[in-house]
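Residue numbers (our numbering): 141 to 709. Quick reminder that beta carbons are idealized off the backbone N, C-alpha and C, glycines included. Below is one structure; the comments refer to it alone.
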């Protein structure tokens, strides 16, 4: 019976093209005759199929529901219905008993021996639900080993791992009391170092340290998505938060007001700035650490993933002696990284580059950077006025938020400076409308604006598990009709999911741009207050590509997936 079920599952994996038939045949031949081998586990461990895909097929073919075990409150009295030895051996979690029926979460429903053993041991009829092997193993570990053992494991790992992370600089001075407190937290120091080193190793852009009612939750944001990493005992919360506040030169006694700080670490030869924010919440201060890797700024615009045509537009705009360039998009769309990369290219000894930011994200050698401080009246507008008295060649304004800032920035761009800034709009043409709504005269916009562009980030397909996928015929015909680049191409790709990409199918991100370069016709339209729709129609007729069109070309070229294009644009 077990053999027939497994053959059914393997057949479904092949028919759905989730595994390569030849590779599967090779593994089956290699393992033929091996006693006690779980072939489904072998396929996962060999990266032939992802746990996510296997779970989907098992659920569909065997009509067994699947759950996220990490969101289930595991009850001790239910766990004690099955001996720990069996739970560990079969990697199962009993969830609920109703009468003579026991619901059990398993990762391999084809293991009839495990199910029979549990049935015999409990005297119950077994109802199955599915979860991944990894999530079940973690739930079992957390239940039996407890928070104390988990803490010990992390600290022990810190003896090995924390040497990878070296704190280079703490911004500001320390008082004796803070240093004394820090010296008493040796195990906590190791834990925080491991937390940071693992986040950098996993390419996390943020570390979220979140107080919960009964624990301290740690999450990493990787490629734009949050992933839960760890739950730490509640009694270690204050020590961990104090350690990070000390590193960031925050006031560890202040728990009622938000605070900001930063420090710098060295990891595997790279210097990484950590920007830290503390926010009071119901259960304590939530800490978010933003990792800022300077090496990302030296790779140039081409390596950020932009299409060659949009990079050419950018370089044409930067060749102008003066004017304003605006990058638009929502928070987290990569605007700052793009602007910093441009500053890095423009940063030569014969240029005076000054920025005013809120806050200063990357610290650039050779660039004068000013952080706004609203509490003392240093905002974008006052900072910009002061900058103009410093004879700048290039000015970067973190964001244009109001008329005063916009007015000064535009007038500066008309008097010989190159000005770079950002706006929060959905597309490039929206920048023109936003400036008009702020009260800027249209003739000033048309005279000063060199280029407006909109930016988004797409997740890259993981290069380690990249595989061909089939598109529905109607979808393929539509794409080939609308995009000449797709004609003659019948291979499209997605990531299956593997350990390298945390089974997401994506590894890293790339930028897409919608660029609008000013020409005489556009300037005339802006001056004459033509509507946004008329401007967009003109740009379509001129062949200027939108964000969606550039994202689709990136998909056609095999850089991302169709789902990611639809999500981001």
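Check                                                                                                                                                                                              : Outcome
Identify, in the order they occur along the chain, each residue of the same chain with its Cβ nearer than 7 Å to the Cβ of residue 329, setting aside the five sequence neighbours on each side.   : 383
What is the rounded straight-line gap between the Cα of residue 494 and the Cα of residue 572?                                                                                                     : 25 Å
Give the DSSP bridge partners of residue 731, in chain order.                                                                                                                                      : Past the edges of the chain, shown from 141 to 709, lies residue 731, and the structure says nothing about it.
In this structure, does DSSP put residue 204 in helix, strand or coil?                                                                                                                             : coil
Would you be able to state if there are at least three C-beta pairs under 8 Å between the stretch 651-669 and the stretch 562-582?                                                                 : yes
In angstroms, rounded to a whole number, what distance separates the CA positions of residue 158 and residue 147?                                                                                  : 15 Å
If distances are taken between C-alpha atoms only, which option among 420, 362, 485 and 215 comes closest to residue 342?                                                                          : 362
Only counting the same chain, and skipping five residues up and downstream in sequence, which positions put a Cβ closer than 7 Å to that of residue 283?                                           : 214 and 219
Going along the chain, which residues of its own chain have a beta-carbon closer than 6 Å to the beta-carbon of residue 290, five neighbours each way excluded?                                    : Residue placement at residue 290 is poorly supported in this model, since its pLDDT is 48, which falls under 50; the coordinates are not used for a value here.
Which word fits residue 682, buried or exposed, when buried means at least 16 other C-beta atoms lie within 10 angstroms of its C-beta?                                                            : exposed
Among 625, 467 and 490, whose alpha-carbon lies nearest the alpha-carbon of residue 478?                                                                                                           : 467
So residue 487 and residue 506 are in contact, right, with Cβ under 8 Å, and what is the actual spacing, rounded?                                                                                  : 5 Å
What is the C-beta distance between residue 473 and residue 597, in whole angstroms, given that I count them as a contact (C-beta under 8 Å)?                                                      : 6 Å
Where do the N-terminal and C-terminal ends of the beta strand (DSSP E) with residue 351 fall, by residue?                                                                                         : 344-351
So, under 8 Å CB-CB, residue 546 and residue 580 are touching, yes? Tell me the CB distance rounded to an integer number of Å.                                                                     : 5 Å
Nearest to residue 456 by alpha carbon, out of 194, 482, 618 and 212?                                                                                                                              : 482
Is the separation between the beta-carbon of residue 653 and that of residue 450 shorter than 8 Å?                                                                                                 : yes
Could you tell me which uninterrupted alpha helix (DSSP H) segments, each at least 4 residues in length, are contained entirely in the stretch 522-555, listed from first to last along the chain? : 543-554
Count the other CB atoms within 10 Å of the CB of residue 399; is the residue buried (16 or more) or exposed (fewer)?                                                                              : buried
Residues in its own chain within less than 7 Å of residue 684 by CB, not counting five upstream and five downstream?                                                                               : 656
Take residue 558 and list the residues in its own chain whose beta-carbon comes closer than 6 Å to its own, dropping the five residues that flank it on each side.                                 : 462 and 534
Taking Cβ positions, are residue 249 and residue 202 nearer each other than 8 Å?                                                                                                                   : yes
By the three-class DSSP mapping on this structure, what secondary structure does residue 157 have?                                                                                                 : coil
Around the C-beta of residue 489, are 16 or more other C-beta atoms found within 10 angstroms, so that it is buried, or is it exposed?                                                             : exposed
With 16 as the cutoff for other CB atoms within 10 Å, does residue 332 come out buried or exposed?                                                                                                 : buried
Label residue 497 either buried or exposed according to how many other C-beta atoms from any shown protein chain fall within 10 Å of its C-beta, with 16 as the threshold for buried.              : buried
What does DSSP give as the partner residues of residue 428 in its beta bridges?                                                                                                                    : 348 and 417
Under three-state DSSP, which class holds residue 450?                                                                                                                                             : helix
If distances are taken between C-alpha atoms only, which option among 347, 351, 373 and 379 comes closest to residue 365?                                                                          : 347
Please name the residue in 695, 594, 585 and 563 whose C-alpha comes closest to that of residue 659.                                                                                               : 585
Please state whether DSSP places residue 500 in a helix, a strand or coil.                                                                                                                         : coil
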